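Some notes on the structure that comes next.
Residue numbers (our numbering): 626 to 849.
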């Protein structure tokens, strides 16, 4: 479906100007700051957007709605048996994810000033994002952010090395080395720490947690 939509945007000029994309996207607050300082301003904007999204998602996954989504991930038949509308919750999760990706895409487009169907290639648009989640931990929002820093750090460092005076054997293969390093990192994480850098937090009902603590106190008192 994603590839179909990409092809449609390329063939239809009226959507996003075909493969030329949208250019001249105005940058927010650009006229109020010096061009040399604007990158720091936009970094602050991006961090603020990230923080707001993180807090909103964290609140959502800790709510009853979030618990239903986690239960769907484990066994949707049990959720259906409890009377929940499985399709509705799946669609809500899908739409929420699409909204978050759309906001991220808008932040990216405003930072560059242009965007088009060919901005990302197939490798970058799929593999690199999955690598970030695998490395950081797909069940933890902090892990997802950490995975972005680790994987994107490797990606950026290798791009920077491309401008240095490297041996010819490395200079001509720097991008292959970059892809190899990220692939090797994924393999290492899957072998040594499959849950990622930040594993998913174990969550139980607040009432169950209180009962477990009460039983633990009773056991301690009985031993005394």
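Glycine included, C-beta positions come from ideal geometry on N, C-alpha and C.
Note that the structure is a prediction, hence the values are computed from the model and not measured.
Residue state for residue 797 is assigned as coil, using DSSP reduced to three classes. Leaving aside the five residues that flank residue 767 on each side, the residues in its chain whose CB is nearer than 7 Å to its CB run, in chain order, 823.
For residue 775, the closest C-alpha among the options 709, 796 and 753 is that of 753. Per DSSP, residue 694 is one residue of the alpha helix (DSSP H) stretching across 689-699.
Positions of the alpha helix (DSSP H) runs, each at least 4 residues long and wholly inside the stretch 750-789, are given as 754-761 and 766-786 in order along the chain. Going by beta carbons, residue 770 and residue 815 fall outside the 8 Å limit. Contact between residue 719 and residue 693 is absent: CB atoms are separated by about 14 Å, not below the 8 Å threshold. C-alpha of residue 799 to C-alpha of residue 763: approximately 29 Å in a straight line. Excluding sequence positions up to five before and after residue 742, its CB lies within less than 6 Å of the CB of 631, 634, 635 and 644, all in the same chain and listed in chain order. Residue 789 and residue 676 have their C-alpha atoms roughly 35 Å apart. Counting along the chain, residue 665 sits inside the alpha helix (DSSP H) bounded by residues 663-686. For residue 655, the CB contacts under 7 Å within the same chain, skipping 5 residues up- and downstream, are 663 in chain order.
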